[in-house]
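A.B. asks: One structure follows; several queries about it will come next.
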Amino acid sequence: RKEVEQDPGPFNVPEGATVAFNCTYSNSASQSFFWYRQDCRKEPKLLMSVYSSGNEDGRFTAQLNRASQYISLLIRDSKLSDSATYLCVVNKGGSYIPTFGRGTSLIVHP
Amino acid sequence: GAVVSQHPSRVICKSGTSVKIECRSLDFQATTMFWYRQFPKQSLMLMATSNEGSKATYEQGVEKDKFLINHASLTLSTLTVTSAHPEDSSFYICSARETQGEGGFTDTQYFGPGTRLTVL
Chain A
400 RKEVEQDPGP FNVPEGATVA FNCTYSNSAS QSFFWYRQDC RKEPKLLMSV
450 YSSGNEDGRF TAQLNRASQY ISLLIRDSKL SDSATYLCVV NKGGSYIPTF
500 GRGTSLIVHP
Chain B
365 GAVVSQHPSR VICKSGTSVK IECRSLDFQA TTMFWYRQFP KQSLMLMATS
415 NEGSKATYEQ GVEKDKFLIN HASLTLSTLT VTSAHPEDSS FYICSARETQ
465 GEGGFTDTQY FGPGTRLTVL
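Protein chains in written order, with this note's numbering: chain A, 400 to 509; chain B, 365 to 484.
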């Protein structure tokens with residue numbers, strides 16, 4: 400089992416739709432979790448940190464389920480500009496080694 | 365968020381030359397920086413972890429003699445691709461770890477804009 404797994408997609412949704420991505424992780428000692436977005440040929444940019452039971456930032460909501468070892472990202476009212484690859488990052492405690500998922504591609508169409 | 369710069373943004377060089385890439389944290393001190401490589405349509409691959417004042421920790425399969433990392437200050441890490449070959453052509457991205465302890469602990473990494481290396 401890979402350390403961090405994501406459905407690569409692509410998720411193809413119309414504007415205004417709600418879309419959710421999941422990311423599973425294998426190491427139960429993982430302590431911090433993040434969602435990044437990466438546009439084509441650009442660097443990843445931090446979207447949200449997920450430290451405890453989850454958090455919300457505008458149209459974006461991230462949830463953490465430690466029992467089942469997954470985090471999720473919910474995007475409401477999708478915009479064309481949300482089209483990107485969404486990367487899940489999991490940090491193990493102690494040595495702080497970030498592990499990236501392969502990313503989930505989202506395409507929002509008119 | 366915190367700002368990380370990377371220079372140069374694009375390099376085209378001949379096979380056999382060495383290329384140096386700089387990564388700077390502009391508004392915070394970073395004791396830890398990371399170097400990644402990303403091939404087209406593939407995920408980020410961690411190459412090495414760079415700690416200020418000590419030797420870098422390389423991931424399995426990454427040649428430390430080929431990819432020289434120096435983290436001489438809290439705001440600068442450099443990656444030198446020695447004797448570059450066409451198979452080294454890739455998108456190299458650095459990130460810097462920011463930790464803040466006041467008013468709530470945060471531990472986040474911020475990415476530089478990347479360096480696109482093309483070896484002819």
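Every residue gets a Cβ at the ideal spot worked out from N, C-alpha and C, and that includes glycine.
All of these numbers come straight from a predicted model, not from anything done at the bench.
Which residues does DSSP list as the beta-bridge partners of residue 499 of chain A?
C.D. replies: Bridge partners of residue 499 of chain A: A/488.
A.B. asks: State the Cα-Cα distance for the pair residue 443 of chain A and residue 507 of chain A, rounded to the nearest angstrom.
C.D. replies: So the alpha carbons of these two residues sit roughly 19 Å apart.
A.B. asks: With residue 489 of chain B and residue 478 of chain B assumed to form a contact (beta carbons below 8 Å), what rounded beta-carbon distance in angstroms separates them?
C.D. replies: This structure leaves residue 489 of chain B out entirely; chain B is present only between 365 and 484.
A.B. asks: For the segment 368-452 of chain B, which segments carrying the beta strand (DSSP E) assignment without a break, of at least 3 residues, lie completely within its bounds, in sequence order?
C.D. replies: Qualifying beta strand (DSSP E) stretches, in chain order: 368-371, 374-377, 383-389, 396-402, 409-415, 431-437, 440-445.
A.B. asks: To the nearest angstrom, how far is it from the Cα of residue 435 of chain B to the Cα of residue 387 of chain B?
C.D. replies: Straight-line Cα distance between these residues: approximately 9 Å.
A.B. asks: Please list, in chain order, all residues of the same chain as residue 377 of chain B whose beta carbon is under 8 Å from its beta carbon, the five residues on each side excluded.
C.D. replies: Correct list, in chain order: 383, 448, 481, 482, 483, 484.
A.B. asks: Starting from residue 479 of chain A and walking both ways along the beta strand (DSSP E), at which residues does that stretch end?
C.D. replies: Counting along the chain, residue 479 of chain A falls outside any beta strand (DSSP E), and DSSP gives it neither H nor E.
A.B. asks: Rounded to whole angstroms, what is the Cα-Cα separation between residue 399 of chain B and residue 423 of chain B?
C.D. replies: Cα to Cα, residue 399 of chain B sits roughly 10 Å from residue 423 of chain B.
A.B. asks: Closest to residue 418 of chain B by CA distance: which of B/453, B/366, B/432, B/381 is it?
C.D. replies: For the residues B/453, B/366, B/432, B/381, the minimum Cα distance to residue 418 of chain B belongs to B/432.
A.B. asks: If you draw a straight line from the C-alpha of residue 380 of chain B to the C-alpha of residue 401 of chain A, how long is it?
C.D. replies: Cα to Cα, the separation comes out at about 35 Å.
A.B. asks: Using the three-state DSSP reduction, which class does residue 414 of chain A fall into: helix, strand or coil?
C.D. replies: Coil at residue 414 of chain A, not helix or strand.
A.B. asks: Which residues of the segment 444-477 of chain A have a Cβ closer than 9 Å to any Cβ of chain B? Give them in chain order.
C.D. replies: Within the segment 444-477 of chain A, the residues whose Cβ lies closer than 9 Å to some Cβ of chain B are 444, 445, 448, 450, listed in chain order.
A.B. asks: Looking at C-alpha atoms only, which residue of B/396, B/397, B/411 is the closest neighbour of residue 403 of chain B?
C.D. replies: With distances taken between Cα atoms, residue 403 of chain B lies closest to B/411.
A.B. asks: Which same chain residues, not among the five before or five after residue 476 of chain A, have their C-beta less than 7 Å away from its C-beta?
C.D. replies: Closer than 7 Å at the Cβ level, and outside the excluded window around residue 476 of chain A, lie 415, 458.
A.B. asks: In three-state terms, what does DSSP make of residue 477 of chain B?
C.D. replies: If DSSP states are grouped into helix, strand and coil, residue 477 of chain B belongs with coil.
A.B. asks: Are the CB atoms of residue 497 of chain A and residue 473 of chain B within a distance shorter than 8 Å?
C.D. replies: Their beta carbons are under 8 Å apart, which means residue 473 of chain B touches residue 497 of chain A by this criterion.
A.B. asks: Residue range of the beta strand (DSSP E) that residue 463 of chain A falls in?
C.D. replies: Note, residue 463 of chain A: beta strand (DSSP E), 459-464.
A.B. asks: Between A/482, A/505, A/468, which lies nearest to residue 404 of chain A when the distance is taken from Cα to Cα?
C.D. replies: For residue 404 of chain A, the nearest C-alpha among the options comes from A/468.
A.B. asks: Could you give the distance in angstroms between the alpha-carbon of residue 421 of chain B and the alpha-carbon of residue 396 of chain B?
C.D. replies: Cα to Cα, residue 421 of chain B sits roughly 11 Å from residue 396 of chain B.
A.B. asks: Under three-state DSSP, which class holds residue 471 of chain A?
C.D. replies: Looking at residue 471 of chain A - three-state DSSP - the assignment turns out to be strand.
A.B. asks: Taking Cβ positions only, does residue 509 of chain A come closer than 8 Å to chain B?
C.D. replies: For residue 509 of chain A, the answer is no, since every Cβ of chain B falls outside 8 Å of its Cβ.
A.B. asks: Starting from residue 435 of chain A, follow the beta strand (DSSP E) in both directions and report where the run begins and ends.
C.D. replies: Here the beta strand (DSSP E) through residue 435 of chain A covers 429-437.
A.B. asks: Short of 7 Å in beta carbon distance, which residues of its chain neighbour residue 411 of chain A, apart from the five on each side in sequence? Order them along the chain.
C.D. replies: Closer than 7 Å at Cβ, skipping near neighbours: 506, 508.
A.B. asks: For residue 502 of chain A, which residues in chain B fall below 9 Å Cβ to Cβ?
C.D. replies: Result: 407, 408.
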